[in-house]
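Notes follow the structure.
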Amino acid sequence: MRVFMFEKPLGMRDTLPDVYKTKRALREAMMAEIETWGYSFIETPTLEYDETVGAASAILDQQLFKLLDREGHTLVLRPDMTSPIARLAASKLYKEGCPLRLAYAANVFRAQQREGGRPAEFEQVGVEYIGDGTMYADAEVISLMIFALKRAGLRDFTVTIGHIGYVDALFFDILRHEQRVETLRRFLYEKNYVGYREHVKSLPLSSIDRDRLLRILTLRGGEEVVAEAKAFATTEVERRAVDELELLWAHIDQYGVTDMVKLDMSLVSHMSYYTGVLFEVYAKNVGFLLGNGGRYDELLAKFHRPSPATGFSVRLDRLMEALGEGRNDEKKTCIIFSQERFAEAYAKAAEMRRKGEKVVLQQVSGIQDMDQFTASFDDVVYVLGKRGKDER
1 MRVFMFEKPL
11 GMRDTLPDVY
21 KTKRALREAM
31 MAEIETWGYS
41 FIETPTLEYD
51 ETVGAASAIL
61 DQQLFKLLDR
71 EGHTLVLRPD
81 MTSPIARLAA
91 SKLYKEGCPL
101 RLAYAANVFR
111 AQQREGGRPA
121 EFEQVGVEYI
131 GDGTMYADAE
141 VISLMIFALK
151 RAGLRDFTVT
161 IGHIGYVDAL
171 FFDILRHEQR
181 VETLRRFLYE
191 KNYVGYREHV
201 KSLPLSSIDR
211 DRLLRILTLR
221 GGEEVVAEAK
231 AFATTEVERR
241 AVDELELLWA
251 HIDQYGVTDM
261 VKLDMSLVSH
271 MSYYTGVLFE
281 VYAKNVGFLL
291 GNGGRYDELL
301 AKFHRPSPAT
311 GFSVRLDRLM
321 EALGEGRNDE
331 KKTCIIFSQE
341 RFAEAYAKAA
351 EMRRKGEKVV
361 LQQVSGIQDM
371 DQFTASFDDV
381 VYVLGKRGKD
391 ER
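Counting from 1, position 276 in the sequence shown corresponds to residue 276 in full-length UniProt numbering; the numbering is continuous, with no gaps.
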């Protein structure tokens with residue numbers, strides 16, 4: 001097929017000036033909050049080896065952008081930041097017994113099979129808290145995400161928390177087969193609760209087991225869900241998961257943000273490396289996921305440095321959509337000058353820039369349509385002809 005001159009690869013987007021300014025402001029606001037909690041920002045390569053980071057990532061293989069280097073190694077454009085940071089921490093930064101707090105603001109790449117408005121490249125801001133297996137770490141990461149979103153200007157949003165250990169223990173106790181468990185997990189991940197109910201009803205199960213599978217959909221709400229989930233738990237793994245959520249809620253309460261949080265015992269993720277607490281954040285009246293995170297205690301073992309870890313990531317493009325149209329309050333001045341008064345015009349522009357003002361310096365003969373060009377500025381100063389009074 002012929003590629004037209006102005007076409008972009010599937011899922012790729014241009015970022016125009018106003019969008020760039022808004023995105024930068026959100027990024028800087030979140031980064032500022034994250035840094036006040038003592039996290040250190042890092043960068044990792046855009047390209048990683050497929051057999052290490054690609055294999056460790058929870059992103060499906062068909063969503064990876066792959067290419068070959070000159071030595072014949074398969075490389076991938078990083079599909080997430082958690083796996084590259086796990087590689088970096090395991091190789092250089094993490095010392096056993098010393099918790100490590102890292103953060104990032106970076107683009108990730110996930111190939112799209114068809115055009116559906118979903119980007120193949122998008123920016124994430126997030127943190128990874130490595131080396132602490134206590135619920136204090138989970139509470140810190142969740143609370144930090146809430147504070148960072150508030151600092152970025154988001155107000156009406158909810159963080160939903162679950163535990164993959166609870167779901168898996170329930171499913172395996174009843175179904176005892178990975179493929180059957182995966183089928184139910186997919187219904188939950190896709191939020192297809194009607195399909196989930198119909199599928200459960202079609203399974204050859206006892207009425208007791210069928211009720212147990214259906215009841216998990218009702219375990220949603222506030223702190224009261226802990227007692228309900230504990231009453232329905234039948235395995236030690238389920239009870240341990242509920243105990244962790246109870247402790248987590250108490251710690252989050254100390255941060256004063258439980259009004260932004262709810263529990264959902266049916267919550268699952270497409271990210272296969274989560275091993276315990278996991279969470280998602282949604283904004284009111286917006287149907288898509290803004291960010292997510294959770295505990296991944298087995299990922300660093302793939303890089304030969306076993307360690308507990310937890311973290312979160314927020315998508316900046318979706319955060320922008322949740323906040324709506326941002327106002328551009330930046331004022332911009334244009335100084336239009338003629339050749340003989342360039343030095344004077346530059347001196348004026350330099351003085352204004354030192355005061356923090358945004359100033360464009362434009363030679364008059366370079367403008368073809370004066371009205372259209374000047375319409376985009378808040379103020380226009382003309383430094384033209386013989387030296388004299390400037391005109392506005």
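Quick reminder that beta carbons are idealized off the backbone N, C-alpha and C, glycines included.
- DSSP places Gly311 in no alpha helix (DSSP H) but in the uninterrupted beta strand (DSSP E) bounded by Ala309 to Arg315.
- A straight-line Cα-Cα distance of about 57 Å links Asp378 and Leu184.
- Gln372 carries a helical assignment under DSSP once its states are collapsed to helix, strand and coil.
- Counting C-beta atoms within 10 angstroms of its own C-beta, Tyr274 has 16 or more neighbours from the protein chains shown and is therefore classed as buried.
- In chain order, Gln112, Pro119 and Ala120 place their CB closer than 6 Å to the CB of Gly11, counting only its own chain and leaving out the 5 sequence neighbours on each side.
- Bounds of the beta strand (DSSP E) holding His163 are Phe157 to His163.
- Around the beta carbon of Ser202, fewer than 16 other beta carbons sit within 10 angstroms, so the residue counts as exposed.
- In the three-state reduction of the DSSP assignment, Ala283 falls in the strand class, which pools E and B.
- In the structure shown, the three-state DSSP call for Val257 is coil.
- Of all C-beta pairs linking the region 69-80 to the region 43-50, three or more are shorter than 8 Å, placing the two stretches in contact.
- When DSSP states are grouped into helix, strand and coil, Lys386 belongs to the coil group.
- For Gly38, the closest C-alpha among the options Val53, Arg27, Glu123 and Val127 is that of Val127.
- Cβ neighbours of Ala148 within its own chain (closer than 7 Å, five residues either side excluded): Met30, Glu33 and Ile34.
- Rounded to whole angstroms, Met265 and Leu214 show a C-alpha spacing of 12 Å.
- Here DSSP, grouped into helix, strand and coil, assigns Arg13 to coil.
- In the DSSP assignment, Ala301 falls outside any alpha helix (DSSP H), carrying neither H nor E.
- Rounded to the nearest whole angstrom, the C-alpha separation of Thr333 and Gly366 is 17 Å.
- With distances taken between CA atoms, Ser272 lies nearest to His163 out of His163, Ser206 and Leu217.
- Nearest neighbour of Val314 by Cα position, chosen from Leu100, Arg27 and Val360, turns out to be Arg27.
- Comparing alpha carbon positions, the residue from Leu245, Thr234 and Lys95 closest to Ile174 is Thr234.
- A Cβ-Cβ separation of about 6 Å places His251 in contact with Tyr136 under the 8 Å criterion.
- Look at Thr74 here: in three-state DSSP terms it is strand.
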